Amino acid sequence: MITCIVTDLDGTLLNHESKISPENAASLKSAQEKGIEVIVATGRNYPDVMEIFKETGLKTWVIGANGATIHDPEGNLFDHLPMDKPKAMSLLQWLDERDYYYEVFSSDYLYSPQRGRQLIAIELDRLCTANPQISREELEKHATIQFSQTGFSYIDSYKEIENPAIDVYNILAFSFDKEKLDAGWKTFEDDSAITLVSSGTYNFEFEHKDASKGNALTKLANHLGIHLKDVLAMGDSMNDLSMLIKVGYPVAMGNARQDVKDASQEVAETNDQDGVANTIKRIVLSSITI
């Protein structure tokens, strides 16, 4: 019997406009009314999640920053795993020296370099000039979504993050340059001091070595007295795998990566087809099990 629903945001609960459809919101509320715990597990920072929730009236537990933070439905910080500050600073130095656009997730802000958007514009121009067949409009949509998050604070130097008052939960690097993306993976994929994940085609992310959606979900489920075998989880990206492999009912979105589909028991409709709502209606609200 399913007692808990966990959903990713981007590519899952959110449509391509980064909105929660009325159908998806209604299905989550219906599940809550039936006594089912609802948890959002996302790579986004907590303040950004709250901005997205504003128009829906949803109140849930939120696993944020890919598992580095957990907030209760009232907005209180339940648990967190900030990165080791010297390690975070060395990663930021590496990114900065190689002209990556990056974002630093903290408790209250998304810190990003003043010149960050200029770096992306330069990459975009270079890529489209060298490859005229590439859709500039499509790439600009990805950049717009990246820049539309809530809580940006622009910094002149990554060294400002050294401030002891700033906890670093996640460092996200974003690039349209495949060579830069590949370089990030090759350089850090074997670094046991961090967790390296991706939540989209054009990014890679650094976190505390023990931070993941799966680990955060395990911790929260223990706190709530929920058995993971009774959890339905939905996702689409690499950063969702850690939770999908732990639960009894893993569901991939129709737009998910193939490895996510392979790790799931069922493939739902896409995020633009209200796959979350349809899955909840089919599996939970109708009492049908996989």
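Number 70 in full-length UniProt numbering belongs to position 70 of the sequence shown; there are no gaps in the numbering.
Every residue, glycine too, gets a C-beta built ideally from N, C-alpha and C.
If you're wondering where the values come from, they're calculated on a predicted model, not measured in any experiment.
Which residues DSSP lists as bridging residue i, in chain order
i	result
M234	T7, V251
V267	A252
F105	L110, N170
H71	V62, L77
I2	DSSP lists no partner for I2.
E226	For the sequence presented, residue 226 should be read as Ile rather than Glu. In DSSP, I226 forms no bridge with anything.
I20	L14
For residue i, the first and last residue of its enclosing alpha helix (DSSP H)
i	result
Y46	46-53
S90	85-97
L13	Note, L13: premise wrong, no alpha helix (DSSP H); not H, not E.
D79	Unbroken run through D79 is the beta strand (DSSP E), 77-80; no alpha helix (DSSP H).
L285	Counting along the chain, L285 falls outside any alpha helix (DSSP H), and DSSP gives it neither H nor E.
S242	241-244
Q273	Careful: Q273 lies outside any alpha helix (DSSP H) and carries neither H nor E.
N261	Checking the displayed sequence, the identity of residue 261 turns out to be Lys instead of Asn. Per DSSP, K261 belongs to the alpha helix (DSSP H) from 258-262.
Continuous beta strand (DSSP E) stretch holding residue i: start and end
i	result
V38	37-41
E64	Residue identity differs from the one stated: residue 64 is Gly in this sequence, not Glu. 61-64 is the extent of the beta strand (DSSP E) around G64.
Same chain, Cβ closer than 7 Å to residue i, neighbours up to 5 away in sequence not counted
i	result
D272	N15, H16
T3	I36, E37, I226, D230
D48	Q149, T150, G151
F78	I70, H71, D72
D125	none
K59	P73
G11	D236, S237, M253, N255, N271
D274	S21, E23, N24
T279	M234, V251, A268
D156	Q114
Same chain only: Cβ atoms within 6 Å of residue i, ignoring 5 sequence neighbours per side
i	result
A277	E23, N24, S27
G116	Y101
I120	Y101, A143
D99	L119
D167	P82, S106, S107
N163	none
G43	N66, S199, N239
E51	T150
I290	Interpretation of I290 is limited by its pLDDT of 42, a score under 50 that renders its predicted location unreliable; no figure is taken from the coordinates.
G214	S242, M243, K246
8 Å Cβ shell around residue i - same chain, five flanking residues per side excluded
i	result
A193	D84, K87, K209
T7	L13, L28, V38, I39, V40, A41, A233, M234, G235, V276
Neighbour flag for residue i against chain B, beta carbons, 7 Å
i	result
R257	The chain labelled as chain B is not found in the depicted structure, where only one protein chain is given.
task: Please go through the segment 131-212 and give each complete alpha helix (DSSP H) segment of 4 or more residues, from N-terminal end onward.
output: 136-147, 178-188
message: Three or more C-beta pairs under 8 Å: does that hold for the segment 87-98 against the segment 228-239?
response: no
task: Take every Cβ of the segment 132-146, pair it with every Cβ of the segment 70-90, and state whether three or more of those distances are shorter than 8 Å.
output: no
Given 8 Å, three or more beta-carbon pairs between the segment 240-259 and the segment 104-111: no
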